[in-house]
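Residue numbers (the numbering used here): 689 to 823.
Single-structure report; data block below.
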């Protein structure tokens, strides 16, 4: 194991090279609802670590809550692909816009992994069409 070299991190392709920025207006109400759901989910997962006595209880409870969150977000019915695009953009920290987005009370970068996982599980096709697969 000691002889295995680590992967080089110097020469990488920036994330923004893969991301396809879509034009249009996202549904800001849906973005707010989805972010609130994900923030609540994050709080739940943090408290769950303290409450569960065994790993099995933790993972079972987490699986149930994850399915519940996906179900809640599925009820929102995101028809506008730009809404998903915007959520991905802010979660990856690729947004360079100013205005109301700079006054957020939460930091989307803190929830990047959860946002991306939930959006992928919500609609795989809509999620993947936001990325350039030719690179």
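We put the CB at the ideal spot given by N, CA and C, even for glycine.
Keep in mind it's a predicted model, so treat the numbers as computed, not measured.
Asked: Please list, in chain order, all residues of the same chain as residue 772 whose beta carbon is under 7 Å from its beta carbon, the five residues on each side excluded.; Found: 766, 807, 814, 815 and 818
Asked: In the structure shown, what three-state DSSP assignment does residue 707 receive?; Found: strand
Asked: Could you check the C-alpha separation between residue 809 and residue 762 for me, to the nearest Å?; Found: 10 Å
Asked: Counting beta carbon pairs with one atom in the segment 738-758 and one in the segment 704-723, are three or more of them shorter than 8 Å?; Found: no
Asked: Alpha helix (DSSP H) containing residue 820: first to last residue?; Found: It is not in any alpha helix (DSSP H) - residue 820 carries neither H nor E in the DSSP assignment.
Asked: Could you give the residue range of the alpha helix (DSSP H) that holds residue 805?; Found: 800-810
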